[in-house]
Amino acid sequence: MAVRGDGGRIVFYLTNTHGADANPPIIFSDFHDDSHFSFSIWVKVLDKTVGDVLFVLEGPQGSKLLIGHDGAAGNGQWYYHLRKEEVAIYAAALLTPVVEGIYTVFCISKIGPVLSIVVGNEPFPGATETHVNLVETVNVTPGFEFDFDHLAFVARDQWAICNFKYWNYSMNWTEFKEQVHYFDWEPRQVGIPGGDKYPIWSSPLRVPGDLSNTAHPGTSPTWSHAHAYFIITPTHVPMKFEEDPAFMAKYSFCETWLYELSIKGTIQQEREGSIQNYVKIQANPGTTPTIQTDVIGDKYYEFQDRGSVPLVPVEFTGLTFYGYPSNDGTGPGQASTWGAYKDENGVDILDTSNTVFQFEPDTGVNIPAPGASPAMLYLWKYGAMFRWAPHTPQVPAGTGTLQYLFLYVRYRGYPSALPTLPVEDLAGLFAVNKGGKSVDRYNRGVELKIPDPTIRTAYIGE
Amino acid sequence: MPGTRDHKPVVIEDFGGWWNRGDPESAPSDHFIVADNIQFFHSGFETRDGLTNYIQDLLPSLKIVRAYNFVTQTGDTILALDATGNIYHFVGPTVPIPAPVLTIPTMEDFGFIGFNGRAYITPFKTYTNLQGEKYSLGIQNEYLYVYKGDQTPARKAAGKPPTGPALGVQNGPATSIPVTDIGLHLIAVVYETDTGYMTALGPEVFGEWTYDGLHEITVYNITVPPVADTSIIRRHLVSTKAITSYNGDQAGYQFFFIPGGTINDRTTATWTGHYYDSELISDASHLIDNFSEIPSAVSLNSFHSRLVMVGEYGTTETLTGLPPGITDNRSVARVSFPGEPEAISKIDGLIVAPLDGQALTNAQEFRDILYLFKQTRTFGYSDNNDEPVTWQEEVLDQGIGCAVHGIASVLDSGGVNTDFLIIVDWSGLMLFNGTFAQPAMSWKIEDFWKTIDRNYYHQIQIVNDSLNKKIWITLPEPYRKMLLHADYSNGMNAKDIRWSRWVFDIKPFTITLIENDKLIIGTPGPGF
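Protein chains in written order, with this note's numbering: chain A, 1 to 462; chain B, 1 to 528.
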């Protein structure tokens, strides 16, 4: 599902990751902090008369690249603006006419001062048989270089966006052509020498305001203090679903997925620039104990996927619970942190028999059976147990904390394209909306299309 | 293209809807063998209306399994049961979800009727017999509840009689002229609840005094209700007429409400007054035989201003002394006094349907007859202006009956519409106008109807939007995600009714109409 909705942004940004200012530990260990990179995103315009900015790529010195379309004023033309820190519009040009109802893919590649913009359109709405024919539309040489700071996609009701990918490489249009048509992380380098070009991030963006999923299993399982990127929606905006590009929906095979955990029934709120709003589990025994003491954390979180896990994956290969244990406070903190769960019946599950269930700063933990299974994925609740070692004399204890909680779900399978919504979204009281919009709207703004209105006749005529 | 050269186009003037009967090729040309998610207008059809969430709640957590429209004095509201036995009262879509008004963890379903602005609620569940057949009855040792519609917790209907120290009676101030009849009188206390129910007489030992005619009467030690039971709002004194030869059986005499003997508070312990026996008109004797706690049942309805309950399992009290082999009261219907829905006599406020092993499932008034239904039986009872136990029974049909929620509720009220009932039966959707009309309304989709698992007919609920001439029916598994939809704007008969199936991403467990024709769907969500 592509997503649309007014007022939200999806931001992908770099944060400080070293020293005292270190921000959350995140997953990608092989990001190269230099000035060559590429990214792509798909957009389908539903109303070309309403212009807006599609995305902004910003550098730390106020330099930026902006791509949008001009709406009715130009009869719908995509354009770019390039800003240098002291020059508002350093370069600008029209890219291509806006075509309603089909997907357009934007590919941006940068290496040093050279910036390329490649744009392509689906050949026709719902085209499933062919790749988009990409055309290298612009090859800009700005004459200045700027580093990546953050990239913000603007969610609007008049367009749907999906399948964001980011690479640590500068790619040419031939490489883009091989890479942008798939949800997954696989490097498709037909005829291209020069090593793997795994995307650092590959998200269908099928989940409004959620991380949803990521790429490159070679990087994901290792928890690293490298570079932090996030996808967020700054505002609590009900998002809507649109069909994915037809070719991708039919042929793209998803493989690795990362999901942020959340409190039951909540949608993650704004987190930009702050780690305070991250979900976390805490416990404090008051004073340090005289004997080894286990304390269960104060919260349990749930899996909140809203659309990308197929009900029957082709192959389910694993489930890992990620969290970053720390001591929040001045007193002695916990000696160890363990995963603690509530199963589908609400029964507490805790296994300290093996260190595979114990959190370390850069590893996830195994989930005891049968929790690590597709059937239990939605039903279990994920928490933590903090173990304090004996400490005498007794002093005020620090607060055991486990934060930055993620589930790393590994399976092979096509995206379901049918959101598997949490129970909370599909339970309760609903009203038939006579004469209203022809969708089924459920809780928290979730909209699904009316399932296949169908008539069929057995009459074959004369 | 020789195959199409001579092809004659077929013009369909009126689309007849879904056809699922016999071989697909036998479907008439104006009917379709698949008609999903469509609704009808005039002679055409369109995609069905969408859904929207009724409760505007950012933290939705309610798993609804049953919902009814509860019409209050201020408008339509919804009583809804969740999957863990909590009943909520929703007074509007934007009002925060309130606390449950009733919680019974073993409650799987509930019956409901609105009566004088109050809701009467009976919890029930579904049992399975040794043959694997499912049947629904009230929960053993559970009761009928009354909810006043004000978000205060529902309480057991009826109420327990006064208990406590013996009631005292003595002479009051002397009078210059006779103010009472002379002779032995018994005096007792009756509680009145905030729903107007009069309890049985109490306390355990009534007051007893021989009047001399020349004194006021002072009653003391008047029983006060328990502090925790705030439902009792006033008390009444009741008295016998003069007893010439008292045999010591205090309950064996006829009691009457004492004129002026009402105490409009909960605490006053003495009363002084006088009355002549000729002023004792309003009889209170029948209160002695009433249930203080009414056994729960499956279905509630009204008949001649009486509350009718069917499908009782029973309580320790009512299950005592049953014949061997009978373990519940599945064929017993309880009927209240007219205008007093909580006053049900244990002695003669009942009807016993034929004991054929089937449980009573439903009750409905129609053309001045009370019809009681079992799954494949229909019985009629005529009110003879005497006690219900004396009402004449007529076996109407021994092949057609009704499911627990199988009588179409019409708009926001009961089941009668344009002088017919629409009834869900194993054999089809039946039109009842005193007899069951044939063929069934579901004749066009008879093959589909026959695939519905008979063991789960208790999960079928039907509503009738008589304004727009539309019907919706919930279905059990494997059709849980569907509603059957029928449009009878072309005629209420098997030929002209038009069918379709509405399919959802949710499982519509329960449906009800509010605001006349707004269809509300309740669902517990995936996993149920």
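Heads up, the beta-carbon is just placed ideally off N, CA and C, and yes, glycines get one too.
Proximity winner among the options, relative to residue i (alpha-carbon distances)
i: A335 of chain A; options: A:V365, A:I349 and A:G400; result: A:G400
i: D212 of chain B; options: B:P295, B:P388, B:Y371 and B:I182; result: B:I182
i: F183 of chain A; options: A:W42, A:P97 and A:K437; result: A:W42
i: F110 of chain B; options: B:L144, B:P100 and B:N129; result: B:L144
i: K299 of chain A; options: A:V132, A:G339, A:K437 and A:D157; result: A:G339
i: Y103 of chain A; options: A:K342, A:A152, A:S63 and A:D47; result: A:D47
i: Y251 of chain A; options: A:P113, A:T128 and A:L151; result: A:T128
i: V180 of chain A; options: A:N354, A:T454 and A:S38; result: A:S38
i: V138 of chain A; options: A:C162, A:G120, A:N75 and A:K342; result: A:G120
i: E365 of chain B; options: B:P203, B:A403, B:F432 and B:T327; result: B:F432
i: A67 of chain B; options: A:G59, A:V45 and A:F430; result: A:F430
i: F164 of chain A; options: A:T290, A:K437, A:M248 and A:Y378; result: A:M248
Pair within 9 Å by beta-carbon distance, residue i and residue j
i: A297 of chain B; j: G138 of chain B; result: yes
i: V205 of chain B; j: A166 of chain B; result: yes
i: P393 of chain A; j: G329 of chain A; result: no
i: S176 of chain B; j: L214 of chain B; result: yes
i: Y457 of chain B; j: G406 of chain B; result: yes
i: G311 of chain B; j: T361 of chain B; result: yes
i: L134 of chain A; j: F176 of chain A; result: yes
i: W502 of chain B; j: K444 of chain B; result: no
i: T199 of chain B; j: N290 of chain B; result: yes
i: N455 of chain B; j: E133 of chain B; result: yes
i: F115 of chain B; j: P338 of chain B; result: no
i: L370 of chain B; j: H286 of chain B; result: no
i: L519 of chain B; j: W472 of chain B; result: yes
i: G260 of chain B; j: Y276 of chain B; result: no
i: D440 of chain A; j: L355 of chain B; result: no
i: A440 of chain B; j: D425 of chain B; result: yes
Residue range of the unbroken alpha helix (DSSP H) whose run includes residue i
i: K450 of chain B; result: E446 to K450
i: Q179 of chain A; result: W173 to Q179
i: M248 of chain A; result: A246 to Y251
Residue interval of the beta strand (DSSP E) (run including residue i)
i: K470 of chain B; result: K470 to T474
i: H69 of chain A; result: K64 to H69
i: Q461 of chain B; result: Q461 to D465
i: W18 of chain B; result: From DSSP, W18 of chain B is part of no beta strand (DSSP E); its letter is neither H nor E.
i: T49 of chain A; result: T49 of chain A -> no beta strand (DSSP E), and no H or E assigned at all.
i: K518 of chain B; result: K518 to T523
i: N433 of chain B; result: Counting along the chain, N433 of chain B falls outside any beta strand (DSSP E), and DSSP gives it neither H nor E.
i: T361 of chain B; result: L360 to F366
i: G196 of chain B; result: Segment: none, G196 of chain B is in no beta strand (DSSP E) and carries neither H nor E.
i: M107 of chain B; result: Where M107 of chain B is concerned, there is no enclosing beta strand (DSSP E), given that its DSSP letter is neither H nor E.
i: E46 of chain B; result: G44 to T47
Short CB-CB distance (under 9 Å) between residue i and chain A
i: M1 of chain B; result: Unreliable positioning characterises M1 of chain B in this predicted model, as indicated by a pLDDT of 44, which lies under 50. A coordinate reading is not provided.
i: R48 of chain B; result: yes
i: L94 of chain B; result: Rather than Leu, the amino acid found at residue 94 of chain B in this sequence is Thr. So no, T94 of chain B is outside the interface.
i: T262 of chain B; result: no
i: Y54 of chain B; result: yes
i: P526 of chain B; result: yes
i: D517 of chain B; result: yes
i: N141 of chain B; result: no
i: I520 of chain B; result: yes
Within-9 Å CB hit, residue i to chain B
i: D452 of chain A; result: yes
i: T320 of chain A; result: no
i: E243 of chain A; result: no
i: A91 of chain A; result: no
i: F146 of chain A; result: no
i: F303 of chain A; result: no
i: A73 of chain A; result: no
**Request:** Give, in chain order, every residue of the segment 432-447 of chain A whose Cβ lies closer than 8 Å to some Cβ of chain B.
**Result:** Of all residues in the segment 432-447 of chain A, V432, N433, K434, G435, G436, K437, S438, V439, D440, R441, Y442, N443 and R444 have a Cβ within less than 8 Å of some Cβ in chain B.
**Asked** the segment 499-510 of chain B: which residues have C-beta closer than 8 Å to a C-beta of chain E, in chain order?
**Response** Included in the structure are the protein chains A and B, with no chain E among them.
**Asked** Looking at chain A, which residues of the segment 14-40 of chain B have a Cβ within less than 7 Å of any of its Cβ atoms?
**Response** Legend: CB atoms of the segment 14-40 of chain B lying less than 7 Å from CB atoms of chain A belong to residues P24, E25, A27, S29, F32, I33, V34, A35, D36, N37 and I38.
**Request:** Using a Cβ-Cβ cut-off of less than 8 Å, give me the residues of the segment 465-499 of chain B that come near chain A, in sequence order.
**Result:** Under the 8 Å Cβ criterion, the segment 465-499 of chain B contributes no residue.
**Request:** For the segment 63-83 of chain B, enumerate the residues whose C-beta is nearer than 8 Å to any C-beta of chain A, in chain order.
**Result:** Close to chain A, meaning a Cβ-Cβ distance shorter than 8 Å, are the following residues of the segment 63-83 of chain B: K63, I64, A67, I78 and A80.
**Asked** Given a limit of 8 Å on CB to CB distance, which residues of the segment 122-140 of chain A reach chain B?
**Response** Result list empty, no residue passes.
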